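K.L.:
Numbering (the UniProt record's numbering), first residue to last: 1 to 201.
The structure follows.
Set out below in C-alpha cells:
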C-alpha cells in the first residue's frame, strides 16, 4: 500500500474533517457510518483508519476544530473591554446560547444527546481536562470582577461553573414551549447576571 505525501495527508485529513462537519449535524454520530464519510471524501475504509481509529475519533477532532472557531468568535466579542460585570455575564451567556441555537454541530452535540456518547469515548482525565478548559475560558474575563468583589460568590471556579451551567436550559426548550422559550431564556440570563453581581448599595 503506497504512502501519502505530506500534502496528500493534509488534504485527506482536512476533507474528512469537512465531511464530518457536514454529516454529523445531519445524521448524528450513531447514524453516520464510516462509508458515509469515506464516500464523501472519495477514499476507502482502510484509508480512513490510517487517519482516525474510529468515527468517534473523527467526531472529537471535528469538535476540537469547531471549538477553536467558537473561541475565535468569542474573542471577537471583546468581553475583556466590558467594564460592567453584569453586562459581561449577560453578553457571554447570550453568545453561548446563540452558538447552541444556531450552530448545527453544537446543537446536535447538546440537544440530541451526542455529548454523552462522545464523553464515553474519553477517559475521566480527558473529560476533566475538557471541563477545566471550559471553566478557564470563562474565568479569563471574569476573574478580575471576582477579585474586585463584584460577585456575591468569591470562588472564581464556582462562579464560572455556575455560568457554564445556565446554557443547559436550552435542553428544555420543548418543555418550556417553542414560542415562550426566547423570552424565558432572556429573563433567565438577565436575572442570573443581575443576581450574581454584588449589590453595592
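From the three backbone atoms N, C-alpha and C, an ideal C-beta is built for every residue, glycine too.
It should be emphasised that the depicted structure is a prediction, and the values quoted were computed from it without experimental measurement.
Quick check on residue 82: does DSSP put it in helix, strand or coil?
P.N.:
coil
K.L.:
Got a sec, what are the start and stop residues for the alpha helix (DSSP H) residue 151 sits in?
P.N.:
Neither: residue 151 is in no alpha helix (DSSP H) and is coded neither H nor E.
K.L.:
Let's see if you can read the secondary structure: which residues bound the alpha helix (DSSP H) around residue 141?
P.N.:
124 to 147
K.L.:
Give a yes or no on whether the C-beta atoms belonging to residue 27 and residue 105 are separated by under 9 Å.
P.N.:
no
K.L.:
At which residue ranges does the stretch 17 to 91 contain complete alpha helix (DSSP H) runs of 4 or more residues, listed in the order of the chain?
P.N.:
The DSSP assignment places complete alpha helix (DSSP H) segments of no fewer than 4 residues inside the stretch 17 to 91 at 34 to 41, 45 to 48 and 55 to 75, in order along the chain.
K.L.:
Three or more C-beta pairs under 8 Å: does that hold for the stretch 68 to 76 against the stretch 167 to 176?
P.N.:
no
K.L.:
Are the beta-carbon atoms belonging to residue 41 and residue 60 less than 9 Å from one another?
P.N.:
No, these two residues do not count as a Cβ contact at 9 Å.
K.L.:
Using 8 Å as the threshold, is the stretch 72 to 82 in touch with the stretch 47 to 56, meaning 3 or more CB pairs across them?
P.N.:
no
K.L.:
What residue does the alpha helix (DSSP H) around residue 189 start on, and which one ends it?
P.N.:
181 to 196
K.L.:
Terminal residues of the continuous alpha helix (DSSP H) containing residue 166?
P.N.:
Residue 166 -> no alpha helix (DSSP H), and no H or E assigned at all.
K.L.:
Can you tell me whether residue 4 is helix, strand or coil according to DSSP?
P.N.:
coil
K.L.:
Taking 6 Å as the limit between beta carbons, can you name the residues of its chain near residue 156, skipping five residues before and five after?
P.N.:
139, 143 and 146
K.L.:
For my contact list, residue 85 and residue 197 are in at a C-beta cut-off of 8 Å; report their separation, rounded to the angstrom.
P.N.:
5 Å
K.L.:
At a cut of 8 Å, does the stretch 157 to 170 reach the stretch 127 to 135 through at least three beta carbon pairs?
P.N.:
yes
K.L.:
Would you report the Cα separation of residue 34 and residue 101, rounded to the nearest angstrom?
P.N.:
27 Å
K.L.:
Alpha carbon to alpha carbon, how far is residue 58 from residue 114? Give it in angstroms, no decimals.
P.N.:
14 Å
K.L.:
With the cut-off set at 9 Å, would you say residue 169 and residue 185 are in Cβ contact?
P.N.:
yes
K.L.:
On the CB-based measure, 16 or more other CB atoms within 10 Å of its CB, does residue 123 come out buried or exposed?
P.N.:
Burial call: exposed.
K.L.:
Thinking C-beta only, is residue 108 closer than 9 Å to residue 95?
P.N.:
No, they are not a contact pair.
K.L.:
Measure the beta-carbon distance from residue 29 to residue 117 and round it to whole angstroms, keeping in mind my assumption that it falls under 8 Å.
P.N.:
6 Å
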